[in-house]
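Asker: My structure is below; once you've seen it, I'll send some questions.
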């Protein structure tokens, strides 16, 4: 009903009051909202939500304490970035590295605690999940020093880069402990979105943009297929989303032995496969690897004291080591190193839970499908890697072959220490792969080339870098007595005891095949004939042996870890067989066939 005004002045005064309430010129709008009765309910509802969140963190927050440390580090970085005009770069890296180290420490203190399910069944903590979280944190801790010098020299935003890395790490950690379908879908999306942004971080590069677009399209397709499989599983179980309750729902609806459950299984395997990139869903991996390109600018060596902010020495880039060869090229190995390792760790963590709990009754079907993926990955990955002339594409196809070995551990499962062997191999794979990336980052920064042929004669100019790269490659191939040999030996032995004879034999043959193309690179490194040495190596300028270069320090750590010959890969080391958490969730429903 329209109000009747007695005079024109009263009407004008009313309009003036309304305009003042809208623009807040005399009376704040929030004061007006407080006077409205319906906003009292809003305040009460907000208070209830806040108190409920505080209650969850108070009683269940100990289970996500490492994740809370990362969240606090993210908030601190955002506050520094928004309040400071000049970015104190060493302090940014100090905060990020400290957050990661503190998260690792919190995980170690929580080790050996009893498994628990918190947050209304959405999150589960146990030693198995914590080990994968430790691997993800270790990847990020080693990858950040690889980008310390590059980011500053390319004059790109440093804070955003660190935020993307930490947020992706946070998503991977939540994925490891996810216990329901919604969390399993949301957590990898958090990781994937940051991965898309990192892969396209050099936004002025056309090839990087092309690779990012392919990565985004494949990631979107995989997410759509995965959530479609989850919807089938949700419907067949009678509307359950928790993994343990899905098993009960499938039994109550009598759908656990139905052929329809295979539809959900196929969609979920395809969705996870597109993210894990085994063959034949591997096409995006080499493109993304090659799309990340390099900058022919040599940054200065960042000392440890500068990195941790103890001195206020300005951080500049040295230009005297610029290669005189050819035009400027973009190349971003640090992002590739991060994406190539963390995705290989986070995806198996969720895959083991999805396959062993909801699809417990369809173990024969998913075993067969995973065996096919493992065989295709080991064969195609290692065969195609032989023909590559780019170091990036060679490592991309090599990682596809490595995924085939990891799948063997997923198939073996809790029986015969399959998970323990898989975790052990992935721990060694992190050190081997990041060590290799650290070596080629240094070589690329000093030469600006990615061609394998241009590595010829590197030993004559930089013996330390050449030997480090050779050790990491030999460890990736699985030659004794390096760490990669013991990791593959334990993995293949567990597969052999589980009766996977064909997979183990194919794995052995493809490992020999991988040794061939690794040795071919090592032969180029050690050549001393002048006619084979390329101009890139002839004009190569190496840094002094005692260097504080953060990339070299990361490389040394990874190389040492790749050459460990102690027999630490015993079942007691991972001790996953002592915590068969997956089988324990369904033992009360069916008799354990083992």
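Residue numbers (the UniProt record's numbering): 1 to 594.
Glycine included, every Cβ here is placed at the ideal spot set by N, Cα and C.
(1) So, residue 344 versus residue 288, is the Cβ gap smaller than 8 Å?
(2) Under 8 Å, do residue 466 and residue 395 count as touching if we go by C-beta distance?
(3) Under DSSP, the alpha helix (DSSP H) around residue 433 begins and ends at which residues?
(4) Relative to the C-alpha of residue 423, which residue among 376, 114, 484 is closest?
(5) Would you call residue 157 buried or exposed, if buried means 16 or more other Cβ atoms sit within 10 Å of its Cβ?
(6) When the distance is taken between beta carbons, is residue 349 closer than 8 Å to residue 185?
(7) Bridge partners of residue 390, per DSSP?
(8) Assess, as a yes-or-no matter, whether the segment 387-405 is touched by the segment 352-369 under the definition of 3 or more beta carbon pairs within less than 8 Å.
(9) Go through the segment 120-187 residue by residue and report every complete run of the beta strand (DSSP E) that reaches 3 residues or more, in order.
(10) Where residue 217 and residue 229 are concerned, what is the direct C-alpha to C-alpha distance, given to the nearest angstrom?
(11) Can you give the Cα-Cα distance for residue 97 and residue 68, rounded to whole angstroms?
(12) Identify which residue in 210, 208, 181, 219 has its Cα closest to the Cα of residue 191.
(13) Which residues share a DSSP beta bridge with residue 116?
(14) How big is the Cα-Cα spacing for residue 359 and residue 247?
(15) Within the continuous alpha helix (DSSP H) that includes residue 244, where are the two ends?
(16) With DSSP as the reference, label residue 462 as helix, strand or coil.
(17) Less than 8 Å separating the beta-carbons of residue 77 and residue 104?
(18) Please report the distance separating the alpha-carbon of residue 233 from that of residue 90.
(19) Leaving out five residues on either side along the sequence, give the residues of the same chain with a beta carbon under 8 Å from the beta carbon of residue 162.
(20) Take residue 25 and list the residues in its own chain whose beta-carbon comes closer than 6 Å to its own, dropping the five residues that flank it on each side.
(21) How far does the alpha helix (DSSP H) with residue 228 in it reach, from first residue to last?
(22) Determine the direct distance from the alpha carbon of residue 401 to that of residue 418, and round the result to whole angstroms.
(23) Which residue marks the beginning of the alpha helix (DSSP H) containing residue 493, and which one marks its end?
(24) How is the alpha helix (DSSP H) around residue 66 delimited, first residue to last?
(25) Buried or exposed: where does residue 259 fall if 16 or more other Cβ atoms within 10 Å of its Cβ makes it buried?
(26) Can you give me the start and stop residues for the alpha helix (DSSP H) that residue 527 sits inside?
(27) Alpha carbons only, please: which of 198, 425, 412, 123 is nearest the one belonging to residue 244?
(28) Closest by CA to residue 278, which one among 481, 426, 380, 236?
(29) Can you find at least 3 beta carbon pairs, one from the segment 431-439 and one from the segment 453-460, that sit closer than 8 Å?
(30) Buried or exposed: where does residue 320 fall if 16 or more other Cβ atoms within 10 Å of its Cβ makes it buried?
(31) State buried or exposed for residue 284, treating a residue as buried only when at least 16 other CB atoms are found within 10 Å of its CB.
Answerer: On the basis of the data shown:
(1) no
(2) no
(3) 418-447
(4) 484
(5) exposed
(6) no
(7) 451
(8) no
(9) 123-125
(10) 19 Å
(11) 15 Å
(12) 219
(13) 125
(14) 8 Å
(15) 243-252
(16) coil
(17) no
(18) 48 Å
(19) 77, 92, 93, 96, 144
(20) For residue 25, the pLDDT reaches just 42, beneath the cut-off of 50, and the residue's location in the model is therefore unreliable, leaving the point undetermined.
(21) 206-236
(22) 18 Å
(23) 483-497
(24) 65-83
(25) exposed
(26) Per DSSP, residue 527 belongs to no alpha helix (DSSP H) and is neither H nor E.
(27) 123
(28) 380
(29) no
(30) Below a pLDDT of 50, predicted positions are generally treated as unreliable, and residue 320, at 35, falls in that range; no measurement from the model is reported.
(31) buried
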